[in-house]
Structures are given as C-alpha cells and as structure tokens.
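Asks: One structure, pasted below without further comment.
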Amino acid sequence: SGLQATLHKYFGYS
Amino acid sequence: MFEARLANGNIFKMIVESIRELVVDVNIDCSTEELSIQCMDSAHVALVSMSLSQSAFDHFRCDRSLSLGLNLPNVSKIFKMMGRDDTMVLKAEDSADKLMLMFENDKSGTIADFELKLMAIEAEQLGVPDTAYKCSISMPSSEFQRIVRDLQVMGDTCKISCTKEGLKFSATGQIGTGNILMRQNVASEKEEDHVTIDMEEPVELNFALRYLNFFTKATPLSPTVILKMSPGLPIVIEYPIEQLGHVKYYLAPKMEE
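What follows is the structure in structure tokens.
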C-alpha cells in the first residue's frame, strides 16, 4: 500500500 | 599503506553482518580519521552510513585515503573463519588491488590470513543534509527488533507516529490491524531499558517493514537504537557502536495513496 519514494527525492549528490 | 588492527575483531564482523543483505558491493573508505561506508540499496530507497573511528583500533595507519571495493557477502564468508575473540588486522597497499585480512587468536597463537581481490566500484556519494529532526526516540534495540518482526505478520507497511501519547507502530493487512504503543520510560534502573521520546511536533510516516527488518540486523551492535523523524523526510535509524562509531540507516517514507 502507498507509493515508495526513493532517496533522490530528498538527498542530492554531493 | 593502510593497516588497521582491531583487538575485538567481532565488532567489524557484526558491522558486515548488519549491512550485507542490504548493500552488496560497497567501498570501504579509509581515511586518517575513520573507516566509513555510504551506500544505497539497489532500489535507492535506503542508505547505509557506517563509521568506525580510528580510535576503535589498537593500531591504525592510513598514509593516503583509500577506497576498498568489496563484495560484502564474500567478506562475510571470510569472517565465518574468525574466532569470537580473535584480533582482526586489515592491510592494503596504496595501489590497493587486494585487501589482506588476518585473524589472530592470542590463546591458541593461530594466525589465519586471507587475501581478497578488490573491485572498482563506481558509487556516487549522496549529500545527506544535517537535519534538526522534530522527533528523536531512543529505545532498546531488542524491543524495536521485536516490534518490526511482530508487525510483519500484519502487513508490509508500518505507520510510525510520534505524538504526546507516545510512539505508536501500526500495520494493517488482510488479517487485520496491529498497533504497538510505547510510552516514555526512564524509571527502570537499567539504562538500556529506557525509552526516551523527544517530540518537538507530532510526526506520522509510513515505511516498508521489509527494510525496517533489514535494519534490525544491526541489533547485536548496540543495546539501544535511536529513531529520528521529521514530517515528509526519510527516517534515520541509528545504532551507536559504543563511542567508536555507528551504523545509520536512512529510509524514504511511503506516500499515502
């Protein structure tokens, strides 16, 4: 249930 | 030349065991300060961030920063041959194309040494912003492991909500719904049994139990686990390794339908 986001939505590349 | 000697080699073995099912091919980054790993799982939903300070080692020499590309399931197989009380030594030349692992047992005097070919692993480093989390909970790691295991019976998603009532874990599935509410508990004399909940504002987020279950493989590393949450952000689940380092897991939330 529900849509799983990935971390790219929150963390950029350093 | 990189050389590090860890009297309690078992710590490193537990670190490998805590992440090897989530991240397979990783770079262990060696610097003068620490050994560290930052790696996402293949679906880029979870991030492992491990750090073990040079102060954890009896001897630590790192002339030049190195990245040791390793396949963790292979490293795990080698650690099966390390005795519980063995000292572990890691060694690599600066032109690192292989890593030496040695296990020394002081009692029996036996020394086992293994050589692992290193891999060239391209891994982009993620920038994890420093965040002042709205909720921070410290609880017994064994309790968190039990909650995750029990709720997996109920469904595949866990709603974690932190309110002034306490910390609630909920899961709903075909057979019904399960809720586990934990309240702040600093009364028990054993520090390790304490549950402390610092809530600046209520937070409620949904997470895949499959990942939370992977994270609980780090339970042997620390009697307590720290959960940090803010609305709409990935949760951080941190297993401190005494004062020597940590294994942190970041997990992206699941959006309500």
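Going line by line, the protein sequences match chains S and W.
Okay, so the first sequence: first residue is 2 according to the numbering used here, each after it adds one.
Okay, so the second sequence: first residue is 2 according to the numbering used here, each after it adds one.
We treat Cβ as the ideally placed atom computed from N, Cα and C, and that holds for glycine.
Values in this document were obtained by computation on a predicted structure and should not be read as measured data.
Can you tell me the Cβ-Cβ gap for residue 68 of chain W and residue 30 of chain W, rounded? I've got them flagged as a contact below 8 Å.
Replies: What you label residue 68 of chain W is simply residue 67 of the second sequence in a count that begins at 1. What you label residue 30 of chain W is simply residue 29 of the second sequence in a count that begins at 1. Between residue 30 of chain W and residue 68 of chain W the Cβ distance is about 5 Å, and since that is below 8 Å, they are a contact.
Asks: Can you tell me whether residue 239 of chain W is buried or exposed, with buried defined as 16 or more other CB within 10 angstroms of its CB?
Replies: Taking the first residue of the second sequence as 1, we reach residue 239 of chain W at position 238. Result: buried.
Asks: Beta-carbon within less than 7 Å of residue 13 of chain W's beta-carbon, same chain only, minus the 5 sequence neighbours each way: which residues are those?
Replies: As a position in the second sequence, residue 13 of chain W is number 12, starting the count at 1. Excluding residues within five positions, the ones whose Cβ falls inside 7 Å are 7, 89.
Asks: Name, in chain order, the residues that DSSP records as bridge partners for residue 172 of chain W.
Replies: Reading the second sequence from its first residue, position 171 is the one you call residue 172 of chain W. DSSP output for residue 172 of chain W lists W/159, W/179 as bridge partner(s).
Asks: When Cβ atoms are compared, which residues of the region 35–53 of chain W fall closer than 8 Å to chain S?
Replies: 41, 44, 45, 46, 47, 48
Asks: Report yes if the C-beta distance between residue 138 of chain W and residue 23 of chain W is below 8 Å; otherwise report no.
Replies: Residue mapping note: residue 138 of chain W aligns to position 137 of the second sequence, counting from 1. Residue mapping note: residue 23 of chain W aligns to position 22 of the second sequence, counting from 1. Taking 8 Å as the Cβ cut-off, residue 138 of chain W and residue 23 of chain W do not qualify as a contacting pair.
Asks: Cα-Cα, which of W/211, W/204, W/111 is closest to residue 158 of chain W?
Replies: Along the second sequence, read from residue 1 onward, the residue named residue 158 of chain W stands at position 157. Comparing Cα-Cα distances from residue 158 of chain W to each of W/211, W/204, W/111, the minimum goes to W/211.
Asks: Nearest-angstrom Cα distance between residue 3 of chain W and residue 179 of chain W?
Replies: Position 2 of the second sequence, counted from the first residue, corresponds to residue 3 of chain W. Position 178 of the second sequence, counted from the first residue, corresponds to residue 179 of chain W. When rounded, the distance between both Cα atoms is 50 Å.
Asks: Would a check of beta-carbon distances place residue 172 of chain W closer than 8 Å to chain S?
Replies: Looking up residue 172 of chain W in the second sequence gives position 171. False, the Cβ-Cβ gap to chain S never drops below 8 Å.
Asks: In whole angstroms, what separates the C-alpha of residue 58 of chain W from that of residue 5 of chain W?
Replies: Reading the second sequence from its first residue, position 57 is the one you call residue 58 of chain W. Reading the second sequence from its first residue, position 4 is the one you call residue 5 of chain W. Their backbone Cα atoms lie some 7 Å apart in a straight line.
Asks: Check distances from the C-beta atoms of the region 114–146 of chain W to those of chain S and list, in chain order, the residues that come in under 9 Å.
Replies: Cβ contacts with chain S: 125, 126, 127, 128, 129, 130.
Asks: Along the beta strand (DSSP E) that carries residue 72 of chain W, what are the first and last residues, could you check?
Replies: Looking up residue 72 of chain W in the second sequence gives position 71. First-last of the beta strand (DSSP E) with residue 72 of chain W: 67–72.
Asks: State yes or no: is the C-beta of residue 271 of chain W within less than 8 Å of the C-beta of residue 51 of chain W?
Replies: Summary: the structure shown does not reach residue 271 of chain W, with chain W confined to residues 2 through 258, and so no result is reported for it.
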